[in-house]
Amino acid sequence: MTLQHPEWHPQRHPEFDDRMAVESATLLQKLRTDPVYRRACLDDPRGLHRDLYSAFVPPAHPEYAGGYRGVPGTSLALRVMGGPSVIVEGQTFTFMDPPDVPSAMQSLVGTVRLRIDTLVEPWDQLVTLSYLFSQFGFIHPFLDGNGHVQRSLFAAAAVEMNLPLSNRFAIHPRPYDFLLAHTLENYSRRPAQRPQWLSAVAEYLVQWLEGPFDAPGMGMAPLDREGG
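Read in order, the letters of the sequence shown are residues 8 to 235 in my numbering.
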């Protein structure tokens with residue numbers, strides 16, 4: 008007999024919005040001012056997810072906060088994640104298969120850390136942020152709360168690269184809707200075209216940045232280079 012584990016919808020908690028607004032504002036300030044904490048979040052996002060969501064988990068399943076899908080021997084080992092497609096009406100789009108999630112997150116963390124530490128050109132830094140945002144979204148490592156962690160990691164990586172965040176950016180509430188969701192789903196569905204879709208994501212994410220990107224044309228791929 009297959010053991011059924013409960014679904015989890017933290018956003019349905021009556022205090023979710025109020026508590027998340029406060030927690031997210033505090034988190035963003037900490038990401039801006041505490042380099043040790045910021046790097047820890049980038050090196051292992053599970054602690055960040057646990058901090059944000061441990062108050063909302065079912066009592067019998069504390070692993071829902073801070074646990075990756077696909078970890079053998081846990082209630083998350085076989086949890087498939089998906090949602091309504093924004094590209095094909097009536098179709099469900101699924102994220103990365105559970106067994107692939109832990110290794111994919113390890114690879115993502117390592118790649119982003121290397122790029123943060125070595126790249127200095129603004130466009131390369133923006134593509135790094137785009138890759139982090141897009142690939143994390145495709146992996147969808149947690150049972151819920153991926154968007155808040157996704158935006159938190161974006162903020163942490165931007166600050167690590169000395170890229171100031173604009174006032175348009177927020178961890179909570181979500182500062183985007185259909186346009187970016189459509190682009191992210193295309194990135195996930197079309198591996199052969201990911202460089203182009205990374206450039207498209209970058210064109211959207213640049214509105215969350217100031218500094219070198221607060222100038223004409225700075226959110227676009229250089230004309231003499233491939234985006235990606």
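Backbone N, C-alpha and C fix where the C-beta goes; we use that ideal spot for every residue, glycine too.
Closer than 7 Å: residue i CB and nearest the ligand FAD heavy atom
i, result
"Arg19", "Questions concerning the ligand FAD fall outside what the structure shown contains, since it holds no ligand whatsoever."
Counted within 10 angstroms of its Cβ, other Cβ atoms place residue i as buried (16 or more) or exposed
i, result
"Glu295", "As displayed, the chain neither begins before 8 nor continues past 235, which places residue 295 out of reach and without an answer."
"Ser110", "exposed"
"Gln142", "buried"
"Ile94", "exposed"
"Arg76", "buried"
"Pro13", "exposed"
"Asp124", "exposed"
"Pro105", "buried"
"His20", "exposed"
DSSP three-state assignment for residue i, whether helix, strand or coil
i, result
"Pro69", "helix"
"Thr9", "Residue placement at Thr9 is poorly supported in this model, since its pLDDT is 49, which falls under 50; the coordinates are not used for a value here."
"Leu216", "strand"
"Leu150", "coil"
"Leu170", "coil"
"Glu22", "coil"
"Pro198", "helix"
"Gly144", "helix"
"Tyr44", "helix"
"Pro180", "coil"
"Arg53", "helix"
"His155", "helix"
"Ala222", "coil"
"Arg39", "helix"
Residue i versus the options, residue with shortest Cα-Cα distance
i, options, result
"Ser31", "Ser110, Arg53, Trp130 and Arg158", "Arg158"
"Ser137", "Gly152, Ala162, Gln113 and Gly54", "Ala162"
"Gly90", "Ser82, Thr81 and Thr101", "Thr101"
Length of the line joining the Cα atoms of residue i and residue j
i, j, result
"His56", "Ala228", "32 Å"
"Trp204", "Thr190", "7 Å"
"Trp130", "Arg197", "23 Å"
"Val78", "Ala222", "44 Å"
"Phe63", "Tyr71", "9 Å"
"Glu96", "Leu139", "27 Å"
"Leu133", "Leu212", "8 Å"
"Asn153", "Asp184", "15 Å"
"Arg122", "Leu186", "27 Å"
"Gln98", "His16", "21 Å"
"Phe176", "Ser82", "34 Å"
"Thr135", "Thr118", "9 Å"
Complete alpha helix (DSSP H) runs within the segment 55 to 131 (minimum length 4 residues, chain order): 108 to 125
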